[in-house]
Amino acid sequence: MNLFDGKRILITGGTGSLGRVLVRRLLSGEMGDPERIIVFSRDEAKQHYMRLEYQKLSVATDEVIYRNFLQKVQFVIGDVRDYHSICSILRDVNVVFNAAALKQVPTCEYFPFEAVQTNISGPNNIVRALREHSFPVETVIGISTDKACKPVNVMGMTKAIQERLFISANLYIPDTRFICVRYGNVLASRGSVIPLFHHQIKSGGPVTITTMEMTRFLLSIDEAVDTIFTAIREAARGETYIPKAPSAKIIDIAKCLIEDRFIEIKEIGIRPGEKVHEILISEEECHRVVERERFYVLRPILPELGGQVSSQSEKVWEYSSANNNLGMSELYKLLQRHNLLIENDDSSENKELLR
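The opening residue of the sequence shown carries number 0 in numbering that gives the first Met the number 0; numbering runs sequentially from there.
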């Protein structure tokens with residue numbers, strides 16, 4: 000029996016870049032045959048377009064992913080900020096993917112309380128609902144970010160608190176396993192730099208770079224889902240799974256996309272709250288890290304959950320995008336492999352991500 004056979008799965012923020020790919024992968028059957036996949040979000044228009052897209056594909060193809068859509072997927076309008084809305088949807092759910100978030104760093108700086116409401120109150124509503132009611136939820140997985148590590152911006156601060164809310168919930172909700180994943184920049188996700196560069200290059204430039212020194216980890220959306228599925232299969236209570244991923248300078252990404260076009264590159268300065276480098280594991284956390292094949296696993300900070308794994312006297316290290324950047328040739332091949340070069344940007348795989 001596969002892990003999700005007969006399970007009812009909830010994806011909060013299910014119409015976002017990650018949520019859409021999660022739905023596709025869950026429908027593929029690679030993790031089993033779920034009874035129901037519930038797409039929970041507050042954006043009626045995105046739900047409508049997602050439903051229409053699958054309906055069109057179900058007519059145009061015989062692929063099982065699209066045939067299953069009408070029978071398996073349920074769209075629910077709701078908001079993680081609303082406790083009663085969360086209670087209503089958790090009543091008959093087995094697995095929760097909490098992908099609902101305000102994730103744009105400058106937006107969170109200008110509207111910090113909105114970020115608190117979604118990124119902290121939302122997860123807390125899930126924890127509170129499971130603490131106060133006997134809902135049949137077996138696993139909750141929180142989707143976190145590099146910005147939660149040594150946070151310097153509102154988005155990172157709120158995501159760091161989400162991690163701690165879920166970790167601590169393991170102490171007083173024994174029937175539910177709370178785990179997290181933490182990863183950096185997702186290639187071509189909605190609002191990220193590659194779609195921006197595509198638009199700027201097609202418009203004749205300039206391509207805008209906040210600072211020439213900036214680096215980012217490079218992870219495809221499917222690799223992000225691989226991380227989530229691995230954590231679901233393997234993580235103990237309170238653990239955070241972190242993928243091993245290549246990194247690159249943003250200026251080099253721009254040059255690879257521009258290729259031989261005559262496009263100006265313009266430095267415009269760092270945006271409010273933005274980091275120069277991404278950090279996925281800090282020096283303070285490295286003593287709680289173990290390696291499991293393609294992943295680092297951060298053990299929980301709470302001693303009651305068995306978090307300490309090594310001596311404080313061991314070498315201190317940090318997992319940062321500043322180190323071991325890809326060269327231009329390797330980076331070009333990576334972008335080519337994921338169909339992210341300009342001539343490939345209309346491939347069916349990336350139409351939605353680059354929209």
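Ideal Cβ placement from N, Cα and C applies to all residues, glycine included. Here the structure is a predicted model, which means the values were calculated and not measured.
How about residue i and residue j: are their beta carbons less than 7 Å apart?
i	j	result
residue 15	residue 39	no
residue 89	residue 128	yes
residue 291	residue 298	no
residue 142	residue 98	yes
residue 3	residue 33	yes
residue 92	residue 25	no
residue 240	residue 289	no
residue 355	residue 268	Absent from the structure is residue 355, since the part of the chain shown begins at 0 and ends at 354.
residue 339	residue 193	yes
residue 276	residue 207	no
residue 253	residue 216	no
residue 162	residue 179	yes
residue 266	residue 205	no
residue 76	residue 43	yes
residue 315	residue 284	no
residue 160	residue 211	no
residue 280	residue 318	yes
residue 136	residue 175	yes
Which residue from the options puts its Cα closest to that of residue i?
i	options	result
residue 7	206, 56, 81, 71	71
residue 169	109, 223, 234	234
residue 220	248, 319, 186, 98	186
residue 258	323, 49, 201, 319	201
residue 255	78, 335, 237, 171	335
residue 118	135, 217, 78, 318	78
residue 80	248, 121, 317	121
residue 28	270, 159, 68, 106	68
residue 300	191, 317, 137, 236	236
residue 23	53, 45, 47	53
residue 183	250, 229, 102, 135	102
residue 305	238, 331, 342	238
residue 181	158, 144, 95, 191	144
residue 166	222, 123, 337	123
residue 294	227, 45, 157	227
residue 231	41, 96, 47	96
residue 5	11, 94, 47	94
residue 100	278, 337, 11	11
residue 401	333, 111, 46	With the chain running from 0 to 354 in the structure shown, residue 401 is simply not present.
residue 337	248, 49, 133, 222	222
residue 248	270, 329, 325, 177	325
residue 274	133, 329, 209, 49	209
Measure how close the beta-carbons of residue i and residue j come, nearest whole angstrom, since I'm counting them as under 8 Å.
i	j	result
residue 139	residue 125	6 Å
residue 154	residue 86	So it is not a contact: roughly 27 Å between Cβ atoms.
residue 188	residue 246	No, residue 188 and residue 246 are not in contact; Cβ-Cβ is about 16 Å, not under 8 Å.
residue 82	residue 130	About 12 Å separates the two Cβ atoms, so there is no contact after all.
Run through the DSSP bridge pairs and tell me what residue i is partnered with.
i	result
residue 134	DSSP, once it has assigned bridges, lists no residue as partnering residue 134.
residue 97	11, 141
residue 295	241, 290
residue 218	185
residue 266	208
residue 120	Answer is none; residue 120 lacks a bridge partner.
residue 318	280
residue 38	10, 74
residue 55	According to DSSP, residue 55 bridges with nothing at all.
residue 176	138
residue 373	Because the chain spans 0 through 354 in this model, residue 373 falls outside it and cannot be assessed.
residue 146	In DSSP, residue 146 forms no bridge with anything.
residue 201	In DSSP, residue 201 forms no bridge with anything.
Please classify residue i as buried or exposed, where buried requires at least 16 other C-beta atoms within 10 Å of its C-beta.
i	result
residue 55	exposed
residue 312	Below a pLDDT of 50, predicted positions are generally treated as unreliable, and residue 312, at 45, falls in that range; the measurement from the model is reported next regardless. When all chains shown are included, residue 312 counts as exposed.
residue 242	buried
residue 146	buried
residue 31	exposed
residue 173	exposed
residue 323	exposed
residue 51	exposed
residue 224	buried
residue 18	buried
residue 261	exposed
residue 327	exposed
residue 218	buried
residue 197	buried
residue 195	exposed
residue 109	exposed
residue 342	exposed
residue 158	buried
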